[in-house]
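Residue numbers (the working numbering): 3 to 284.
Where a beta carbon is used, it is the ideal one built from N, C-alpha and C, also for glycine.
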Ligand SMILES: [Zn+2]
């Protein structure tokens, strides 16, 4: 699948930052360290979760999604959408196939709403949450979607009301991924599903490139693996049903003939660069 650059911002002087223990296991013990884009990533020596440390405060993170974010997203959202639809299909979610007895979907971090609009066109009842007020407004006016401009934890949502909750390339950006998953758990129906897409820190590219890995960027506060994200999901009341990965050989890397066999091999081994996890309330 195509590789697209993540929205990344230039450092703002004086952003408040704090250092915290590992949110998964509470340890402060540090294994490996990466220095990337002027920020430090620590791998928890106890559980293996990577976290940026220190981390910008939530207000500083929100301030990064300024006017340039709308232009960034609208320039790419159709390409993102086609990649996202392929990725979700890997995990069994397709707009044309509604779950038995329901068809309500919540997208957290829905950006322009381009992806959600495909579900809407197929008859799903759709809701979105988007931190950027400009993008939320775009999604409402362009696609007629019901989108709240806030964080998930602040959104007004009926409890246990969604057949599907999805968050694509989002959980690595949030300050408190456990509170995020807890809020997602409150939104999803019993028997419903949560779909998460995020970079795979245990993948071949992360191993090959280390701190030069394309996902080791200052806008990513956490870097998960299927194991660490699975453990966090379990801690917040989910059971992982499937974890799939894709993307092996970095685009443009030589020899190019290796890309196809490597992509196939890493997929088989679960060592792809990006992963999609499907989970249900435990
Ligand atoms: Zn840990």
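Near ligand 1, which residues have their beta-carbon closer than 6 angstroms to a heavy atom?
Spelled out in chain order, the answer is 24, 26, 27, 29, 46, 48, 49 and 51.
Given 8 angstroms, three or more beta-carbon pairs between the region 105-114 and the region 126-139:
Counting C-beta pairs closer than 8 angstroms gives three or more between the region 105-114 and the region 126-139, which meets the contact rule.
So, at 6 angstroms on beta carbons, what are the nonlocal neighbours of residue 145 in its own chain, with the 5 sequence-adjacent residues on each side left out?
Here the set comprises 115 and 119.
Give a yes or no on whether the C-beta atoms belonging to residue 285 and residue 179 are separated by under 8 angstroms.
What is shown of the chain runs 3 to 284, which leaves residue 285 out entirely.
Examine chain D for any beta-carbon lying closer than 8 angstroms to the beta-carbon of residue 187, and answer yes or no.
Absent here is chain D; the protein component of the structure consists of one chain.
When you compare only the Cα positions, how much space is there between residue 225 and residue 270?
Approximately 21 angstroms between the Cα atoms of the pair.
For residue 245 versus residue 266, is the C-beta distance shorter than 8 angstroms?
Cβ atoms of residue 245 and residue 266: not closer than 8 angstroms.
Quick check for students: name the residue ranges of the beta strand (DSSP E) that lie wholly in the region 134-171, counting only runs of 3 or more.
Segments of the beta strand (DSSP E) lying fully in the region 134-171: 164-170.
Coil, strand or helix - residue 74 by DSSP:
Helix, per DSSP.
Own chain partners of residue 268 with C-beta closer than 6 angstroms, once the 5 adjacent residues on each side are dropped
Contacts found: 206, 250 and 274.
Once the 5 residues before and after residue 5 are set aside, which same chain residues still bring their CB inside 6 angstroms of it?
Since pLDDT at residue 5 reaches only 43, below the 50 mark, its modelled position is unreliable, and the value read off the structure follows with that caveat. Take residue 5, set aside five residues on each side of it, and the residues of its chain with a beta-carbon closer than 6 angstroms to its own are 253, in chain order.
Are residue 101 and residue 165 touching if we call contact CB-CB under 8 angstroms?
The Cβ atoms of residue 101 and residue 165 lie closer than 8 angstroms to each other.
Using DSSP's beta-bridge definition, name the partner residues of residue 248.
Paired residue(s): 276.
Below 8 angstroms on the Cβ atoms is my guess for residue 161 versus residue 188; work out the distance and round it to an integer in Å.
That pair is a contact at about 5 angstroms.
Buried or exposed for residue 80, going by 16 or more other Cβ atoms inside 10 Å?
Residue 80 is exposed by the Cβ-count criterion.
Could you check the C-alpha separation between residue 104 and residue 192 for me, to the nearest Å?
Between residue 104 and residue 192, the alpha-carbon positions lie close to 12 angstroms from each other.
Considering only DSSP beta bridges, list what residue 197 is partnered with.
Under the DSSP definition of a beta bridge, residue 197 partners with 168 and 280.
Quick check on this structure: which residue in 195, 241 and 155 has the alpha carbon closest to the alpha carbon of residue 181?
Here the closest residue by C-alpha is 155.
Let me know the secondary structure DSSP gives residue 6 once reduced to three states.
Residue placement at residue 6 is flagged as unreliable, the pLDDT there being 49, under the threshold of 50; a coordinate-derived value is accordingly withheld.
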